[in-house]
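Peer 1: Below: one structure in structure tokens.
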Amino acid sequence: TTLLIFFKFFDFRDILRCAIIILSSFVYLNFLLTLMSPSAHFYVEGKAAFILGRNYNSMGPVLLLAIITNAFYFYHTNRMLLNLLLISVVSFVTVVFMGSMTSAVGIGLMLFFIAFSKLGISRLALKIFFIVVLLFNFILIYMQMELDNSYVTWFVEDILRKDMSFTDRARVWFEAVELISESLWFGYGIQPPDWFDYHFNVLSAHNFILAMLLKGGFVLLGIFVGIIVVCVRTANKFVTPANTLLQFGCCSFLLMMTMESYSMMF
Numbered sequence: 040t041t042l043l044i045f046f047k048f049f050d051f052r053d054i055l056r057c058a059i060i061i062l063s064s065f066v067y068l069n070f071l072l073t074l075m076s077p078s079a080h081f082y083v084e085g086k087a088a089f090i091l092g093r094n095y096n097s098m099g100p101v102l103l104l105a106i107i108t109n110a111f112y113f114y115h116t117n118r119m120l121l122n123l124l125l126i127s128v129v130s131f132v133t134v135v136f137m138g139s140m141t142s143a144v145g146i147g148l149m150l151f152f153i154a155f156s157k158l159g160i161s162r163l164a165l166k167i168f169f170i171v172v173l174l175f176n177f178i179l180i181y182m183q184m185e186l187d188n189s190y191v192t193w194f195v196e197d198i199l200r201k202d203m204s205f206t207d208r209a210r211v212w213f214e215a216v217e218l219i220s221e222s223l224w225f226g227y228g229i230q231p232p233d234w235f236d237y238h239f240n241v242l243s244a245h246n247f248i249l250a251m252l253l254k255g256g257f258v259l260l261g262i263f264v265g266i267i268v269v270c271v272r273t274a275n276k277f278v279t280p281a282n283t284l285l286q287f288g289c290c291s292f293l294l295m296m297t298m299e300s301y302s303m304m305f
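Numbering of the sequence shown is given in the working numbering, commencing with residue 40 and proceeding in unit increments.
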């Protein structure tokens, strides 16, 4: 509601410029705090926490949001290019330094798209990326299939420095699917972290679709899919480079949320 009011009564470029200043400030501050204290920025009730979330994986979506917002503004005004370059480098270095490979892949793909989006194949790249994200979710998580491919194994183990269980996420996904099957249509409602800890020994389902099914079953997931369909159809009435950038950014979020459960506010 607040965003709708802002965009109705103010020029959207002014809103974006203010958002970029705020987001960039957090990007730079988070980077400095990470260099000074990589294990924790501060402690809440004795537990380590960071300025952009309760753990280092929470940094990713805020950093990606800052990059997308700045890039969108640059596409419209040709301004703030230097800031876009700086936050891009700082954001990527931050997530790599912290070892958040999920965020590194998402941000890296976004930066690659921004760099080569002028080649005329951005729409094709967007469609391929979206299909890959859907297939990744379906095959790896819901079909519970192992990716017995030497190239995939090399990328995950040698490049990302992760095991093929994705840091025990595969077990969580399997147990989540089992629990979802017992309440398929309406899920279990919004539950506290203790509930996830009891069922999975972790604080989330580590996948936003599984988390949505746990909260509201197929009913909630169907509503979410409907929202996406309406948004995409509306956006595709005005196909522009900036529009394609936003849609690619959303796909990057979806890829990152394959491994994590971020706030849907993003």
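Cβ atoms here follow ideal geometry from the backbone N, Cα and C, with glycine treated the same way.
1) Among I44, T41, E299, C289, which residue has its Cα nearest to the Cα of F168?
2) When you compare only the Cα positions, how much space is there between L124 and N246?
3) Out of L165, S142, S300, point me to the one whose CA is closest to V271's CA.
4) So, at 6 Å on beta carbons, what are the nonlocal neighbours of F70 in its own chain, with the 5 sequence-adjacent residues on each side left out?
5) DSSP has A88 in a bridge; who is on the other side?
6) Pick out the complete alpha helix (DSSP H) segments inside the region 101–155, 4 residues or longer, and give them in chain order.
7) Cα separation between S63 and T73?
8) Do you know how far the Cα of I153 is from the Cα of A274?
9) Could you tell me the distance, in whole angstroms, from the CA atom of S156 to the CA atom of L121?
10) Is F136 closer than 8 Å to G147 when the C-beta atoms are compared?
11) Under 8 Å by Cβ, that's how I've got F111 and A281 pegged, so tell me the actual separation to the nearest angstrom.
12) With DSSP collapsed to three states, give me the class of K166.
13) Measure the alpha-carbon distance for R210 versus Y114 and round it to whole angstroms.
14) Can you name, in chain order, every residue of its own chain whose Cβ lies under 6 Å from the Cβ of L150, other than the five neighbours on each side?
15) According to DSSP, is R276 helix, strand or coil?
16) F225 by DSSP, collapsed to three states: which one?
17) Compute the Euclidean distance between the alpha carbons of F225 and L259, then round it to the nearest angstrom.
Peer 2: In short, the structure shows the following:
1) As a first step, residue 168 must be located in the sequence shown, where it is residue number 129. For F168, the nearest C-alpha among the options comes from C289.
2) Counted from its first residue, the sequence shown places residue 124 at position 85. Counted from its first residue, the sequence shown places residue 246 at position 207. In a straight line, the C-alpha of L124 is about 30 Å away from that of N246.
3) Here the question's residue 271 lines up with position 232 in the sequence shown. Nearest of L165, S142, S300 to V271, Cα basis: L165.
4) In the sequence shown, counting from the first residue as 1, residue 70 sits at position 31. Cβ within range, chain order: V129, T133.
5) The count along the sequence shown starts at 1 and reaches residue 88 at position 49. A88 pairs with F81.
6) Runs of the alpha helix (DSSP H) inside the region 101–155: 120–137, 140–155.
7) Translated into the one-based positions of the sequence shown, residue 63 becomes position 24. Translated into the one-based positions of the sequence shown, residue 73 becomes position 34. Looking at the two C-alpha atoms, the distance is approximately 15 Å.
8) Residue 274 sits at position 235 when you count from the first residue of the sequence shown. Residue 153 sits at position 114 when you count from the first residue of the sequence shown. Each residue's alpha carbon lies about 19 Å from the other.
9) Taking the sequence shown and counting its residues from 1, the one referred to as residue 156 is at position 117. Taking the sequence shown and counting its residues from 1, the one referred to as residue 121 is at position 82. One C-alpha to the other measures close to 18 Å.
10) Here residue 147 is taken as the residue at index 108 of the sequence shown, counted from 1. Here residue 136 is taken as the residue at index 97 of the sequence shown, counted from 1. Result no, Cβ atoms of G147 and F136 do not sit closer than 8 Å.
11) In the sequence shown, residue 111 corresponds to position 72, counting from 1. In the sequence shown, residue 281 corresponds to position 242, counting from 1. Between A281 and F111 the Cβ distance is about 5 Å, and since that is below 8 Å, they are a contact.
12) Numbered from 1 along the sequence shown, position 127 holds the residue referred to as residue 166. Note: K166 maps to helix in three-state DSSP.
13) The residue given as residue 210 occupies position 171 in the sequence shown. The residue given as residue 114 occupies position 75 in the sequence shown. Those two C-alpha atoms are separated by around 42 Å.
14) To locate residue 150, count along the sequence shown from 1; it is residue 111. Excluding sequence neighbours, L150 sits near S127.
15) Position 237 of the sequence shown, counting from 1, holds the residue named residue 276. According to the sequence shown, residue 276 is Lys rather than Arg. Residue state, collapsed to three classes: coil.
16) For the purposes of this step, residue 225 is taken as residue 186 along the sequence shown, with counting starting at 1. In this structure, F225 counts as coil in the three-state DSSP scheme.
17) Within the sequence shown, residue 225 is the residue found at index 186, counting from 1. Within the sequence shown, residue 259 is the residue found at index 220, counting from 1. One Cα belongs to F225, the other to L259, and the distance between them is close to 7 Å.
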